[in-house]
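Participant: Residue numbers (this note's numbering): 17 to 150. Don't be surprised by glycine CBs; every beta carbon is placed ideally from N, CA and C. Bear in mind the structure is a predicted one, so any value in this text is a computation, not a measurement.
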């Protein structure tokens, strides 16, 4: 994999990485999702946001974001008890990874080559697509 500058992940979570390492998340599901994120060397935006259907969000990450993952929490109530992917009872995961049973978008950026993949090692909850953009 070459060093990429943009990536799309669809959650139907769509993720795009831009030149300043901006990952664009987009919710293409017919229900809200709460993307959680975690990285060994950075936890952008406190580790969580809410996306309504068709809503997008630009997530700024370090150029060397390492051992990072993004996952969708689904079916969360007002107390953040989630059907899938919960990371505690808060909107922001703050360094906690999600419960197993979720589809993961995984990233290790920098070092001349970027590595990214969709992983089902923890399970599956929604479709996730990662696609690079120029």
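Residues in the same chain with beta-carbon distance under 8 Å from residue 102, minus the five sequence neighbours each way, listed in chain order, please.
Facilitator: Answer for residue 102: 89, 92, 96, 114 and 115, listed in chain order.
Participant: Start and end of the beta strand (DSSP E) containing residue 135?
Facilitator: Per DSSP, residue 135 belongs to the beta strand (DSSP E) from 131-135.
Participant: Residue 99 to residue 79, Cα distance in whole Å?
Facilitator: Roughly 32 Å separates the two Cα atoms.
Participant: Can you tell me where the beta strand (DSSP E) holding residue 120 begins and where it ends?
Facilitator: Here the beta strand (DSSP E) through residue 120 covers 120-124.
Participant: What residue range does the beta strand (DSSP E) around residue 90 cover?
Facilitator: Element bounds for residue 90: 84-90.
Participant: Please classify residue 148: does DSSP put it in a helix, a strand, or coil?
Facilitator: In this structure, residue 148 counts as strand in the three-state DSSP scheme.
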